[in-house]
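Reading the sequence shown from the start, the letters are residues 1 to 1148 in the UniProt record's numbering. Heads up, the beta-carbon is just placed ideally off N, CA and C, and yes, glycines get one too. Inspection log for the structure reproduced underneath, given as structure tokens.
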Amino acid sequence: MRLDAEIAGLRQRYDAARAEWTTLQTQITDVTTQRNRIAYRVITATKAEKWAKAPKAAPAVAAIADPTPVPGPVPGPVPGPGLPAATVDGTPEPKLSSLTVQNVLFALGGLLLIVAAAVFTAVAWAQVGVTGRAAILATATVAVLAVPPFAVRRGLTAAAETLAAVGLLMILLDGYAAWAVNFLDVRGQDPQLYAAAVCAATSVIAFGYGRLTRLPGPAISALTVAQPVFPLLALAADAGVTGWSLTMAGVTALNLAVVHARRYSPAGLGLVAYFCAFAAGIVATLIALVDLISAGTATEAATAGGLLVLVTALATTSAALAGNREAQTVTAGLLTAAVSVTAAAWALLLGAPSLSARIDQGTGVLRLAVVALVVAGLVAVIKPRLPQPVGRGPWVAALLTAAVPALGAAAAILIAAVNHVDAARPLFDAPLGLAVDEPDWTLMVATVAVLCAYAMLVKARQRTDLALTALAGVAVLAPAAFRLRWWTAVIFAMVVAAGAIALATRTRGTRRRPFRITLAALLAGYALLVSLGNPAVGAAACLTLTLLGAATAYFVRTEPGNTALGSAIAAVSLLAFPPAVWLALMAVDVSVTWQVRAELVVAVGFAVAARLTPWYRSPVLTVSLLLTTVVPVIALAGEDAVALYAAVALVLVAAALPPEVVRPASISATPGVPAATVSDGALSGGVLAAIVPLLVLLFATGRDLAVVLIEPYGALGSFWSGDVPAAVSARWSSIAALLIVAGAAAFAAVRLTSRAGLPDATSAGSSRSSVRANFRPALWAAVPVLAVVVPLVVAAVEAPWPAVPLAGLVVGLGGIVALALTGSAGWWGAVPGVVFSALAAAGLAGTTPVRGAMLTAFALVVVAGAVAGVSRRAEAARVGGWIAGSVAVVVCAYTSSQMVDLGAGSGPLSVLAAAAIAAALEFVLAARRPREAPAVAAVAHSAALIALLVAGTTGRAALIATLWAVVLGLRALRPGERAAVRFRYTVAAAVSVLAGWWLFLGSRDVTTVEIYTLPAAALALGAGWLARRGRPSLPSWSAYGPALAAGFLPTLALISGDGPEYLRRLLLGVAAVVVLLAGARARLQAPVVTGGVMLVLTALHELVQFWDLVPRWVPLAVGGLLLVGIATTMEQRRRDVLRLRNAVGRMS
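As structure tokens, this is what we get:
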């Protein structure tokens, strides 16, 4: 017996060792397979990379040895040492590891078993009796649960896990089956209690089974099945919202206990416990929040909040036991937030029937602020005693707690500001005795409490800004809290703004300065907005802001680091002064006109201050330019001439422009580097500031400027009607304003071109040169305005028509000629050129009602163009003069012919004569000034085309085309002309003759197409011959293709119709034969191919004409012969075709 026992023990050890050996062997096989797979991938990638980098050898040996391909299949690339198999068949598909296959099979097998069990329970259950059912399920469950221990002993861990999961699930199915058949009268129990008992029993069995088999899966199943136990009990007890929150808190505690038991390991059972605890905690928190929101009394709020605190306390305790600082930080913050929410809800509901009622009473923000203050105090005491970074969690929670009443306080401040602004209505007429009574004092106290809470939480260096913010809030809320008059808000806001500015100027460093400046700006803007309720209050506010800003800017002018701040404050103070003046005059009932005049005086004073002040010159200049821009706009409300204000504003802008200071390189800050031009910002600002006055000036003088620049175009509607337009008039105020603007433009030009900062001139000559250099830009700056003034003066004296348009035309032409004679004026000459052109164009348009006036105007244009053309200045000016003069000659010619009334065709022929004159001018210029001739030639050809278009009849058009052909022919005979130009003129003359011929035929009603096409073909043929004569390499298709198409295609289209056309078909065939023979003789490809194609098409056309006359057996015979011929002569035909192709290819 002892030996038998020893043998049994040895056998057990043998089985265990064998199971261990099997497990190790399986692991070794899996690891080896994985290693071989990775090694194969590495080797394959390395070989492919080497093959890609290796030079490719050309397969020359095999190609030279046997150039004839061998019939048969072409073998593909064969893997070898240089070519890996992966490059032949692609990358091999990675195989699944045995472990992966095993897991998949187990998962699928387990799923099938579970489904089978469920199907048996649901479907096949009714086929057996109660005893049989119980026996089958019990036997199946025991059998399944009995297998995993043996599988574990054999090393089959995965199989054991799968079967254990199936067996444990079958326990739940057993419970369901017992309920379904009312086994042992279980239906007499509460369903939720029974389900909770089944889950609890299954969880206990799973836990014990896991301890027995030492498998991790049953433990996970036990925890998972245990999750619904507490909720089922709560459902059975018909728990309320509070009970459910407590239930989910219990589930959270259960899961956290498992997490603690697993030593907070996030793997296996620990990971599942983490997830379940998180989910249960979230649900418990949400339920507690719902309970807290729906609470009707302070007691209910405290109960619901206590459960919320309980959940967060559980999380905090777990994090503390785990020793995780990050988790402790988060959970401590959540706990603080839960306590804050609970306290806030309790405070809001204390003594109130509901939360909404407390909010309606208006004390809710105050209570929340007190709660935030208490929480902030506790956190401020506790945070230093907590380890880092755990204390940051409660600190953040306290900040968020204070944010809620802070939002309420901010809303109260906004409401108070809006109420004060609304009380200051209507604008400039609000009653001074009106008081504001909302919001009340509680919100002011709440604001202070919130800021005190923040003061306890933030660092000491930030508490000054918090105190300043509190003062700002109190300044806005105090008038309403103490039922004061609306205008007292201006006083409070200005006082706090002054303090903020004082603190900003005394602040060292720039980190906290922007906040204080922003706060001061907001308060000042709010004060100014409220002060608009009464002119006197507004004037006082603006004047206070001016004095405060000026004093502050003066005191900080010499302090280092405060230059930018002083400049900004100075600018604000200056900006407040003009409104102060305006509102002060409004308060004493001064008219708007005098208010505008006062603003102009202020603008002049600012301009003087910008030149004389030793400090803050840039902001003073900026404000001066801004006010200068605004004055013309507000002048629209007065009774004075707005144009004069705009002109004076432009003078002030010109005076504000700095001279262009150019310093030598020797005084540069960097040796060897020239100093940059200073005052670029002032120059840009001056240019921008001039835009608005210019627009106002154009608006004010628009009607008068339209008299000389726009209204003359209205005369085009009565072109040559003979009706004399009425005289126009202009205002002298506009003339005076334009004269002032001319002076301003000249002054600005002188200042911008003065060279200050250079050594003084050492001679009188250099001084005179400097004066001339400054005079020229000043002249070109003033001349455009003066040019507009001249016709305006004529209109102002009410001179009869056409004095105004002729004055504008003479001034415009004179200016254009002056520009052409004096040469380029740089960018100064661009604006005068545009103005002179506009005057000239308007003058021309204004003379069109009467032919004599129009003839005079264009005669002046001819003279001006001739003067500009013969000048020795810029080539562009000469070309423009020739063009304008030539066009004016054409217009004069046509106008003269209509005035004299020489007959029906006099107009087109006179235009053609003018075109001939332009052509003669081009003839002369081509020899003397060849670069100017093309422009005149374009005018000449355009005039000839116009003459052709207005000819009236086709016969007269034929005459014009023929005469112009003569002109072109004479032009082609110019001595010394280049061959290419002569060729172009010759071709143009021929085309013109051809057009004349066509027009002549059209006038005679000639309908024969060939009479039109053959001359065109002959012309194209001659042009192609001349082209090939000069360029022998020109292809025959380019040279003769157009001619052949023009000669053949129209006739081919005609014979394709329904008419007989016997003669035309015969002549087409004869022409095709002639062209074919001529091309063959000359060995030209285009004639041969074209003639052959035409001949074949003609023959086919003839065949189609007689097809119906052919007997029916003929096509059959022809078809048979054709097939025999093709079969017997195929090779010969291929050779002949090749020979014909080579012969045609040798033709040029």
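**Asked** Using a Cβ-Cβ distance under 9 Å, would L310 count as near chain D?
**Response** Any reference to chain D falls outside this structure, which holds one protein chain only.
**Prompt:** How big is the Cα-Cα spacing for A8 and A17?
**Reply:** Taking the CA atoms as reference points, A8 sits about 14 Å from A17.
**Request:** Spell out the partners DSSP gives R485 in its beta bridges.
**Result:** For R485, which the question treats as bridged, DSSP gives the partners A435.
**Prompt:** Of the choices P394, V537, P389, whose alpha-carbon is the least far from that of I382?
**Reply:** For I382, the nearest C-alpha among the options comes from P394.
**Request:** Kindly indicate which three-state DSSP category S729 falls into: helix, strand or coil?
**Result:** In the displayed model, S729 falls within coil according to three-state DSSP, outside both helix and strand.
**Request:** Could you work out which residue in V142, R1083, L532, L1049 is closest to L1068 when comparing CA atoms only?
**Result:** When only C-alpha atoms are compared, the closest one is L1049.
**Prompt:** Would DSSP call E875 helix, strand or coil?
**Reply:** DSSP places E875 in the helix class (H, G or I) of the three-state scheme.
**Item:** Which of helix, strand or coil DSSP assigns to Y1062
**Value:** Three-state DSSP puts Y1062 in a helix.
**Request:** Compute the Euclidean distance between the alpha carbons of K459 and W487, then round it to the nearest angstrom.
**Result:** Distance between the alpha carbons of K459 and W487 is about 36 Å.
**Asked** Alpha carbon to alpha carbon, how far is I220 from L271?
**Response** The alpha-carbon atoms of I220 and L271 are separated by roughly 10 Å.
**Asked** From L860 to G976, what distance separates their C-alpha atoms?
**Response** L860 and G976: Cα-Cα distance of roughly 35 Å.
**Request:** Could you check if Y14 is buried or exposed, using at least 16 other CB atoms within 10 Å of its CB as the buried criterion?
**Result:** If you draw a 10 Å sphere on the C-beta of Y14, you find fewer than 16 other C-beta atoms in it, and that means exposed.
**Prompt:** For Y264, which of helix, strand or coil comes out of DSSP?
**Reply:** In the three-state scheme derived from DSSP, where H, G and I count as helix and E and B as strand, Y264 is classed as coil.
**Item:** Residues of its chain near V1118, where Cβ-Cβ distance is below 6 Å and the 5 sequence neighbours each way are ignored
**Value:** Because V1118 sits at a pLDDT of 44, beneath the cut-off of 50, its placement in the model cannot be relied upon, and the point is left open.
**Message:** List, from N- to C-terminal side, the alpha helix (DSSP H) runs of 4 residues or more that fit wholly inside the segment 204 to 272.
**Reply:** Assignment of alpha helix (DSSP H) within the segment 204 to 272, counting only whole runs of 4 or more residues, yields 216 to 226, 229 to 236, 241 to 261 in chain order.
**Request:** Within the same chain, show all residues whose beta-carbon is closer than 6 Å to that of P802, passing over the 5 residues directly before and after it, in chain order.
**Result:** Excluding the 5 residues flanking it on each side, P802 has same chain C-beta neighbours closer than 6 Å at T847, A853, in chain order.
**Item:** Runs of alpha helix (DSSP H) lying entirely within the segment 987 to 1057, each at least 4 residues, in chain order
**Value:** The qualifying runs are 1009 to 1030, 1036 to 1055.
**Request:** Name the two residues that bound the continuous alpha helix (DSSP H) containing G323.
**Result:** In the DSSP assignment, G323 falls outside any alpha helix (DSSP H) and carries neither an H nor an E.
**Item:** Three or more C-beta pairs below 8 Å linking the segment 303 to 311 and the segment 237 to 256
**Value:** Short answer: they touch.
**Request:** Measure the C-alpha to C-alpha separation of L1052 and A888 and round it to an integer number of angstroms.
**Result:** Computed Cα separation, rounded: 49 Å.
**Prompt:** What does a CB cutoff of less than 6 Å around P800 pick up in its chain, not counting 5 residues either side in sequence?
**Reply:** Same-chain partners within the cutoff: A727.
**Message:** Need the endpoints of the alpha helix (DSSP H) that T363 sits in, please.
**Reply:** From DSSP, T363 is part of no alpha helix (DSSP H); its letter is neither H nor E.
**Prompt:** At which residues does the alpha helix (DSSP H) containing R974 begin and terminate?
**Reply:** Careful: R974 lies outside any alpha helix (DSSP H) and carries neither H nor E.
**Asked** Considering G952, what are the terminal residues of the alpha helix (DSSP H) in which it resides?
**Response** Neither: G952 is in no alpha helix (DSSP H) and is coded neither H nor E.
**Asked** Cα-Cα, which of R557, V850, V365 is closest to G722?
**Response** When only C-alpha atoms are compared, the closest one is V850.
**Message:** Helix, strand or coil for I15? Go by DSSP, reduced to three states.
**Reply:** The residue asked about is misnamed: residue 15 is Asp in this sequence, not Ile. For D15, the three-state secondary structure derived from DSSP is helix.
**CA-to-CA distance, L215 to F207, given in whole angstroms** = Each residue's Cα considered, the two are about 10 Å apart.
**Asked** When the distance is taken between beta carbons, is V290 closer than 9 Å to A273?
**Response** In terms of Cβ geometry, A273 and V290 do not form a close pair [threshold 9 Å].
**Request:** Taking G843 as part of the alpha helix (DSSP H), name the residues at either end of that continuous run.
**Result:** That run of the alpha helix (DSSP H) goes 830 to 846.
**Asked** For the putative contact between L1021 and A961, defined by C-beta atoms under 8 Å, what is the C-beta separation to the nearest angstrom?
**Response** The pair is not a contact, with the Cβ atoms about 21 Å apart (cut-off 8 Å).
**Message:** For T29 and W179, I'd like the C-alpha separation in whole angstroms.
**Reply:** In a straight line, the C-alpha of T29 is about 49 Å away from that of W179.
**Request:** Below 8 Å on the Cβ atoms is my guess for G1047 versus A1086; work out the distance and round it to an integer in Å.
**Result:** About 12 Å separates the two Cβ atoms, so there is no contact after all.
**Request:** Can you give me the Cβ contacts of V309 inside the same chain, cut-off strictly under 8 Å, excluding the 5 residues immediately before and after it?
**Result:** Here the set comprises L335, A338, V339, T342.
**Request:** Taking the CB atoms as reference points, tell me whether S886 and L821 lie closer together than 9 Å.
**Result:** No, they are not a contact pair.
**Prompt:** Going by Cα to Cα distance, which pick from L484, A610, L644 is closest to A736?
**Reply:** Checking every option, the nearest Cα to that of A736 belongs to L644.
**Message:** On a Cα-Cα basis, can you pick out the residue from A524, V495, A584 that is closest to A536?
**Reply:** A536 has its Cα closest to that of A584, out of A524, V495, A584.
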